[in-house]
Amino acid sequence: MKRHLFNLALAITAPFVLILAWFKASSQSTNAFFPPLSDILVRFADLWIFEHFVSDIIPSMRNLIIGFALAAVLGVVIGFILATVPVLRVLFEPSLHLLRGIPPVALVPILITLVGFTDQMRISSIVIAAVFPTLIATMDGIKAVDASLKDVCTVYRLDRKDRLLSVYLPSASPQIAAGMQVSLLVAFIVMIASEMMGTAQGIGAMTLLAQQTFMAADMWAGILLLGLIGFLSNVLFDLVKNRALSWYIGSKKMEKVS
Amino acid sequence: MNSTIPTTTQPKAGSTPVARLEVQGLAKTYGHGPKSVEVIKDLTFSIHAGEVVCIVGPSGVGKTTLLKCLAGLQPSSGGTMKIDGHQVSGPPAEMALVFQDYSRSLMPWLTVEKNLLLPLRHLHLPAAEVRTRIEEALNEVGLSHAAKRYPWQLSGGMQQRVAIARALAYRPEILIMDEPFASVDAQTRFDLEDLCLKIRDELGMTILLVTHDIDEAVYLSDRIVAIGNKPAQVLEVLPVDLPQPRNQITSRALPEFSGLRTKVLSLIRQSES
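Taken in sequence, the protein lines are chains A and B.
Per our numbering, residue 1196 is the first one in the first sequence, and the count goes up by one each step.
Per our numbering, residue 192 is the first one in the second sequence, and the count goes up by one each step.
Right, here's the structure in full:
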């Protein structure tokens, strides 16, 4: 218990120490590309908390949330169907593995040509890139359902609906959640990348613009914001996941004890 | 403990008992042609209503294969199986199976009562009946207090009780158990054996239990089906005439007990050599 508290304290203080070190080290900086952290923080507050919150942060976050949600739902549905309908799996699994080998960001130029510089383009590139981790994880999770659980389904003559939705899906859910977490990361990357082409709106666009106009403090402020969003979205995801999969976490803990 | 679970047909005293389960010439071969492996050659035995029968055999003789064929988890290569005189194929509705590995046969994401509920859902019973079935089954195995807990929060013996309760709530004609007490400690094992006999006495359940433990087979059984050889076949069917009710201390101390144990063990040893 003592050890646990100590670790927690360490985990909380370490980032602050790092920030403090950055603050101290950069305070006298005259390098145009590495401005003092105090300047960056001032710009951060000016830019993101007031001026551009509605015009840039909200559109970026909206694209991220819609794109990720669509990718997660589609990934689970398509993965589930592919894993449970053998004919479809045989037909599509090889091409699926080829498709997911394409780096997600490479899809952005294609979509610009097809859809144009719109939010639909940005959301669809997020969906297309982020769907694969969830999809593959769902397929693998369903394939890995324990043979003895399948036997239980057969002996008690469960109908197809109960078998698929009440046994296979929950049994695969830890793997599905891990896939979704990767999807979230990919969605975030593609959100930024999609804003770095052909638009003046969004966090990615703002950051790129600052870099191209030699406004180093603004650029660093953008990067800081992106880091913060990435970190917080992951924390939020973990919270939801730990709640939904409390049975899994609990049973794993028991396994370790015994 | 008195239970209100309606009993399945009790064997009527005096009348000739009807075979509840009749297995005739069951055979199982894996593969085809010269590479095929014959696991079960010819198994014939029958179980009467309300009887506890143990199938005993050395490890690797094909006991699990036999159960999988009986439970419809694997197709058999030959022979017939009849329940109450009706031939069955596929997983019979009248049968419930308690698996050896309780930790992998219960759903860890469901509470104990939801685990019991799952096999009942497709039966579309009235809600009140579902509730009584679950309550009575948990009561029978002494786990009423654990209804809202998760299986992984319980000890191994308790988890196996949950698996037994799930089978009871399903109200099968025949309860089949695959080495159900193999992975619990010795003390828990005695308790679960007595639970098994209690279920038979109170509910008139017909129980077929597969085990490699000869002492357990002698203690539990009305009859023992000793199987051996490769491929598996019935060596002998032995009646166990130890007095009922059985008692872990006194029954095991009887000279008949050790006599039977010696007999079964030598049968199995002979078939192995």
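C-beta atoms are modelled at their ideal positions from N, C-alpha and C, and glycine is treated no differently.
As the structure is a computational prediction, the values presented were derived from the model and not from experiment.
Could you tell me which chain A residues have their CB closer than 7 Å to the CB of residue i, listed as they occur along the chain?
i, result
"Leu288 (chain B)", "Val1350"
"Tyr410 (chain B)", "The premise fails here: Tyr410 (chain B) is roughly 26 Å from chain A at the closest Cβ pair, so nothing lies under 7 Å."
"Tyr361 (chain B)", "Tyr1351"
In the DSSP assignment, what are the bridge partners of residue i?
i, result
"Cys260 (chain B)", "In DSSP, Cys260 (chain B) forms no bridge with anything."
"Pro299 (chain B)", "DSSP lists no partner for Pro299 (chain B)."
"Phe236 (chain B)", "B:Val214"
"Pro430 (chain B)", "B:Arg414"
"Ile1253 (chain A)", "DSSP lists no partner for Ile1253 (chain A)."
"Ala287 (chain B)", "B:Leu366"
"Tyr221 (chain B)", "B:Val228"
"Ala1342 (chain A)", "Ala1342 (chain A) pairs with nothing; no bridge assigned."
"Gln424 (chain B)", "B:Asp233, B:Gly419"
"Lys1447 (chain A)", "In DSSP, Lys1447 (chain A) forms no bridge with anything."
"Val247 (chain B)", "B:Thr402, B:Ala417"
"Ile274 (chain B)", "B:Leu212, B:His277"
"Thr397 (chain B)", "B:Ile365"
For a quick check, are the C-beta atoms of residue i and residue j less than 8 Å apart?
i, j, result
"Val425 (chain B)", "Thr256 (chain B)", "no"
"Leu1359 (chain A)", "Thr1279 (chain A)", "yes"
"Pro1328 (chain A)", "Val1268 (chain A)", "no"
"Gly270 (chain B)", "Val214 (chain B)", "yes"
"Ser1389 (chain A)", "Arg1317 (chain A)", "yes"
"Ala1266 (chain A)", "Val1300 (chain A)", "no"
"Gly1445 (chain A)", "Tyr341 (chain B)", "yes"
"Phe290 (chain B)", "Asp404 (chain B)", "no"
"Leu1259 (chain A)", "Met1386 (chain A)", "yes"
"Leu1330 (chain A)", "Ser1366 (chain A)", "no"
"Ala337 (chain B)", "Leu345 (chain B)", "yes"
"Thr1402 (chain A)", "Ile1384 (chain A)", "no"
"Asp1251 (chain A)", "Ala1412 (chain A)", "no"
"Arg437 (chain B)", "Asp1357 (chain A)", "no"
"Leu1420 (chain A)", "Ile1398 (chain A)", "yes"
"Leu1404 (chain A)", "Ala1395 (chain A)", "yes"
"Ile459 (chain B)", "Gly248 (chain B)", "yes"
"Leu297 (chain B)", "Val353 (chain B)", "yes"
"Leu1277 (chain A)", "Met1334 (chain A)", "yes"
"Cys260 (chain B)", "Leu288 (chain B)", "no"
Report the CB separation of residue i from residue j in whole angstroms; it is logged as a contact under 8 Å.
i, j, result
"Gln351 (chain B)", "Leu383 (chain B)", "6 Å"
"Leu386 (chain B)", "Ile367 (chain B)", "About 16 Å; that fails the 8 Å criterion."
"Phe448 (chain B)", "Val409 (chain B)", "6 Å"
"Leu445 (chain B)", "Leu433 (chain B)", "6 Å"
"Gly263 (chain B)", "Pro283 (chain B)", "6 Å"
"Phe1426 (chain A)", "Ala1325 (chain A)", "Not a contact, Cβ separation roughly 18 Å."
"Ser1221 (chain A)", "Pro1231 (chain A)", "5 Å"
"Gln1171 (chain A)", "Gly1336 (chain A)", "Residue 1171 (chain A) is absent from the model: chain A starts at 1196 and stops at 1453."
I want to verify the contact list: residues of chain B whose CB lies under 9 Å from the CB of residue i, in sequence order.
i, result
"Gly1445 (chain A)", "Pro299, Tyr341, Trp343, Gln344"
"Leu1232 (chain A)", "Under the 9 Å cutoff, chain B gives no residues; its nearest Cβ is about 47 Å from Leu1232 (chain A)."
"Asp1357 (chain A)", "Leu309, Pro310, Arg312, His313"
Taking Cβ-Cβ distances shorter than 7 Å, what residues in chain B pair up with residue i?
i, result
"Ser1343 (chain A)", "Phe290, Asp292, Arg295, Ser296"
"Trp1442 (chain A)", "Pro299, Trp300, Tyr341"
"Asp1413 (chain A)", "Near Asp1413 (chain A) there are no residues of chain B at all, since even the closest Cβ is about 48 Å away, more than 7 Å."
"Asp1354 (chain A)", "His313"
"Ser1361 (chain A)", "Leu309"
"Pro1299 (chain A)", "By Cβ distance, chain B contributes nothing, its closest Cβ being about 32 Å from Pro1299 (chain A), past 7 Å."
Between the options, which lies nearest to residue i when the distance is taken from Cα to Cα?
i, options, result
"Ala1372 (chain A)", "A:Phe1218, A:Val1271, A:Ile1235", "A:Val1271"
"Leu451 (chain B)", "B:Pro363, B:Arg414, B:Gln461", "B:Arg414"
"Gly276 (chain B)", "B:Leu212, B:Leu366, B:Lys454", "B:Leu212"
"Val416 (chain B)", "B:Leu429, B:Ile405, B:Ala423", "B:Leu429"
"Pro310 (chain B)", "A:Asp1346, A:Ala1412, A:Ile1276, A:Trp1442", "A:Asp1346"
"Thr379 (chain B)", "B:Pro283, B:Gln439, B:Ala318", "B:Gln439"
"Ile365 (chain B)", "B:Leu217, B:Glu242, B:Met349, B:Lys232", "B:Glu242"
"Gly347 (chain B)", "B:Arg295, B:Ile459, B:Leu314, B:Tyr221", "B:Arg295"
"Leu1353 (chain A)", "B:Glu326, B:Ala240, B:Leu308", "B:Leu308"
"Phe1229 (chain A)", "A:Met1256, A:Phe1409, A:Ala1204, A:Leu1215", "A:Phe1409"
"Cys245 (chain B)", "B:His313, B:Leu399, B:Ala210", "B:Leu399"
"Ala423 (chain B)", "B:Val247, B:Gly253, B:Thr220", "B:Gly253"
"Lys339 (chain B)", "B:Val431, B:Gln278, B:Lys305", "B:Lys305"
"Val230 (chain B)", "B:His239, B:Gly224, B:Ser268", "B:Ser268"
"Leu394 (chain B)", "B:Thr453, B:Ile325, B:Gly333, B:Pro363", "B:Pro363"
"His239 (chain B)", "B:Leu314, B:Met396, B:Ala319", "B:Met396"
Report the neighbours of residue i on chain A: residues whose CB is nearer than 8 Å to its CB, in chain order.
i, result
"Leu264 (chain B)", "Asp1346, Thr1349, Val1350"
"Ala284 (chain B)", "Arg1352"
"Pro249 (chain B)", "The premise fails here: Pro249 (chain B) is roughly 23 Å from chain A at the closest Cβ pair, so nothing lies under 8 Å."
Under 7 Å: does the beta carbon of residue i sit that close to some heavy atom of the ligand MN?
i, result
"Val431 (chain B)", "Looking at this structure, you won't find the ligand MN or any other ligand, since it has none at all."
What residues of chain B sit near residue i, judged by a beta carbon separation below 8 Å?
i, result
"Met1449 (chain A)", "Trp343, Gln344"
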